[in-house]
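Have a look at the structure below before the remarks.
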Amino acid sequence: MGLKNMDLGLAFLGYLFLDGLFLCMAAEHEITFDLREKVVTSLCNKSESLLLVNESYPGPTLRVRKGDTAYITVNNNGLYGLTVHCDWTRATVYGAIVVEPAEGKLYPFDKQPDGEHIIILGEWYNGYLRTMLEAAMRIGADVAPSDAYTINGQPGFSNDCYIENITIFEVARGNTYLLRIVSAVMNEEMFFGIAGHNITVVGQDGAYLKPIPTSYIMISPGQTMDVLVTANNSIDGHTSYYMVATPYSDSGGAPFNEKSTSAVLNFGGLIYNPLYPEFLPDPKNTDAADAFTKQIKALATEEHPIDVPQEIDERLFITISVNQLPCNLPEGEKCGGPGGNMHASTLNNISFQNPSVDILQAYYWNLTASTAPPLPFDTDFPAFPPVPFNYTAGDNAQYQFPSLGTKVRMIEYGQRVEIVFQGTNIGNPENHPIHLHGYSFYVVGRGYGNFDTDPNYKHDYNLVDPPRVNTIGVPKNGWVAIRFKADNPGVWFMHCHLEKHAIYGMAGVLIVKDGDNDQEKMLPPPKDGMPKC
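In terms of mature numbering (1 follows the signal peptide of the UniProt record, and there is no 0), the sequence shown is residues -26 to -1, 1 to 507.
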């Protein structure tokens, strides 16, 4: 895969991180990640063995500047293999990567922050999660919801633990702080706010935004947001205030953890009777989620321009569905999905199947070897649903059972691509945060109902200041349109960032071919002697 220099000015989500805080003035950084199991105590003194990076939970912070290059060595001393970018393993293997402005540059804010705090939202499971996952997948069932949400690894108030299991952020009255918020939550979007304080959203997924004054945000798994808050409130003598995250779930019936998590914003001194926010939306409040999301627009200034494609070379239309598969267990055993079936999920009604050989490795063979083995994937992922239907209305039970396959979509280098993700009412519809590796993309349109695919229909796209992100929520029974230029050659995974959907097939792969010159080609494969995928 191609890997560009770190060129963002804000925080973004990462999964493997170092022990402690690294701030180097040099343009190159050499870092080692050591993964191993460690017993961690949380949630009212419950102890579990967790896979951690450098024995830190959450993972420690990597801090660099725009334009820097980081060389990272990963030593896996855990109990099983994993990739640098994990799926369910990220329940514990996660942390923040902070990319500051280049030397001598300032943030494009009216006032530079006096300080910052990193806030990582996560989940805690009582039990060894890998064992729980394997047991659920064997029978095609959902993994049980988490036992708690966390802020920087601690559940906080409302989980009957309080002071011994809460994160405290110290602030000075009158100062403005940049909060770098990362959602490492596994399966739910989250509302977030701070009692007694309004906040201003200034960035998302490593790109600056037009400032959004608000009392709350809605953030999806895999997303990051940069928020300014001024510690200037004094309500009834309070010197400490809860910051709270609560789940948002618009699913009709899927189980989820309905608890909240909290930390404390403290103005110094002893913490006594912190004020709790009363304004956060309830877990089913789609209007509140939409009201926030619709405000998100790129900063789009001369110093921080956007480059959204105005014309399109290749269009993809991809449906998103939660499906089922017939039970395939031996006679006498029961599957755990709806109606005795097994859970499945799809893109364009194809449930992605893990290949026998890593797709990236196989693609390297195909590019470089004179005699390469057969590819373990097909290159015919469809640009349009194989069978069009009324995606968001009517009885669509006939489309409940999908096809299975390991299919990729080949894209020529330099193509200007538009992808429309269309939600469906198959199974249990809900909002799906879709993430694309290797690219940030522009969100140019969003709506409810069926997207109009008539080439003569003119959509009311935002081509002036669309946000540039790497994860976007596709609304329940709605659609999202994104655009990007395919200028990063490589093998790129595309998937729902709700892990319960990704593991059952709501995924696909885009392969962007090499361009003509050396700067438009994939990096060479690892040297001989490196472990194979």
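Where a beta carbon is used, it is the ideal one built from N, C-alpha and C, also for glycine. Since we're looking at a predicted model, the values are computed, not measured.
Sorted by chain position, which residues of the same chain lie with C-beta nearer than 6 Å to residue i's C-beta, five sequence neighbours on each side aside?
i: Ala169; result: Tyr215, Tyr216, Leu249, Tyr250 and Pro251
i: Gly89; result: Tyr151
i: Gly127; result: Tyr31 and Pro32
i: Asp287; result: Gln389 and Arg390
i: Ser223; result: Glu162, Phe230 and Pro257
i: Thr47; result: Thr6
i: Ser21; result: Val13 and Thr15
i: Arg420; result: Val454
i: Pro359; result: Thr293 and Asn322
Below 8 Å on the Cβ atoms is my guess for residue i versus residue j; work out the distance and round it to an integer in Å.
i: Ile191; j: Val175; result: 6 Å
i: Glu97; j: Ala228; result: Wrong, their Cβ atoms sit about 15 Å apart, outside the cutoff.
i: Ile408; j: Tyr373; result: 20 Å between Cβ atoms; not a contact.
i: Ala357; j: Phe291; result: 7 Å
i: Thr366; j: Gly423; result: 6 Å
i: Val394; j: Trp453; result: 6 Å
i: Pro283; j: Asn323; result: Contact doesn't hold; Cβ gap of about 28 Å is too wide.
i: Asn49; j: Leu80; result: 37 Å between Cβ atoms; not a contact.
i: Glu4; j: Tyr68; result: Going by Cβ atoms, the distance from Glu4 to Tyr68 rounds to 21 Å, so no, they are not a contact pair.
i: Thr398; j: Thr293; result: 5 Å
i: Ile333; j: Val382; result: 7 Å
i: Asn19; j: Gly226; result: Not really, about 36 Å apart at Cβ, beyond 8 Å.
According to DSSP, simplified to helix, strand and coil, what is residue i?
i: Phe425; result: coil
i: Arg147; result: coil
i: Met106; result: helix
i: Tyr123; result: strand
i: Phe(-5); result: Confidence at Phe(-5) is low in this model, with a pLDDT of 42, below 50, so the placement of that residue is unreliable and no value is reported for it.
i: Asp264; result: helix
i: Gln335; result: helix
i: residue 516; result: As shown, the chain starts at -26 and ends at 507. That puts residue 516 outside it, with no answer to give.
i: Lys450; result: coil
i: Gln374; result: coil
i: Ala476; result: helix
i: Ala297; result: It should be noted that the sequence gives Asn, not Ala, for residue 297. Strand, per DSSP.
i: His406; result: strand
i: Asn312; result: The sequence given here has Pro at residue 312, not Asn. Pro312: helix per DSSP, three-state reduction.
i: Asp488; result: coil
i: Glu285; result: coil
i: Glu307; result: coil
Can you find the residues in the same chain that come closer than 8 Å, C-beta to C-beta, to residue i, ignoring five residues on each side of it along the sequence?
i: Ala265; result: none
i: Thr188; result: Asn172, Ile173, Thr174, Val175, Phe266 and Gln269
i: Lys184; result: Lys271, Ala272, Leu273, Ala274 and Asp439
On the DSSP bridge list, what partners appear for residue i?
i: Val483; result: Val382 and Phe467
i: Trp62; result: None, per the DSSP bridge assignment.
i: Thr174; result: Pro187 and Leu202
i: Asp8; result: Asn49
i: Asn240; result: Glu144 and Ser214
i: Gly96; result: Thr124
i: Phe358; result: Answer is none; Phe358 lacks a bridge partner.
i: Glu2; result: Thr43
i: Ala219; result: Phe166 and Thr235
i: Ala318; result: Asn297
Between residue i and the rest of its own chain, which residues show a CB-CB distance below 7 Å, the 5 nearest in sequence each way excluded?
i: Phe326; result: Thr380, Gly479, Ala481 and Gly482
i: Met384; result: Thr353, Ile485 and Lys487
i: Thr66; result: Leu24, Leu25, Leu26 and Tyr31
i: Ser194; result: Ser157, Glu163, Pro407, Thr445, Gly447 and His471
i: Val331; result: Pro350
i: Thr63; result: Leu25 and Leu56
i: Val417; result: Pro440, Pro441, Val443, Ile446, Val454 and Ile456
Does the segment 402 to 418 come within contact of the segment 456 to 468, defined as at least 3 CB pairs closer than 8 Å?
Yes, since at least three Cβ pairs between the segment 402 to 418 and the segment 456 to 468 fall closer than 8 Å, the two stretches touch.
Assess contact between the segment 433 to 443 and the segment 266 to 274, defined as three or more Cβ pairs (one per stretch) separated by less than 8 Å. Is contact present?
Flag = yes, the segment 433 to 443 and the segment 266 to 274 touch.
How about the segment 185 to 204 and the segment 101 to 118: do they share at least three Cβ pairs that are nearer than 8 Å?
The segment 185 to 204 makes no contact with the segment 101 to 118, as fewer than three CB pairs between them are under 8 Å.
The segment 468 to 482 in contact with the segment 313 to 331 per 3-pair CB rule at 8 Å:
Flag = yes, the segment 468 to 482 and the segment 313 to 331 touch.
Pair every Cβ in the segment 137 to 153 with every Cβ in the segment 111 to 119, then say whether three or more of these pairs are closer than 8 Å.
In short, these stretches do not touch, since the Cβ pair count stays below three.
Quick one: any contact between the segment 24 to 37 and the segment 63 to 81, if contact means 3 or more CB pairs under 8 Å?
Flag = yes, the segment 24 to 37 and the segment 63 to 81 touch.
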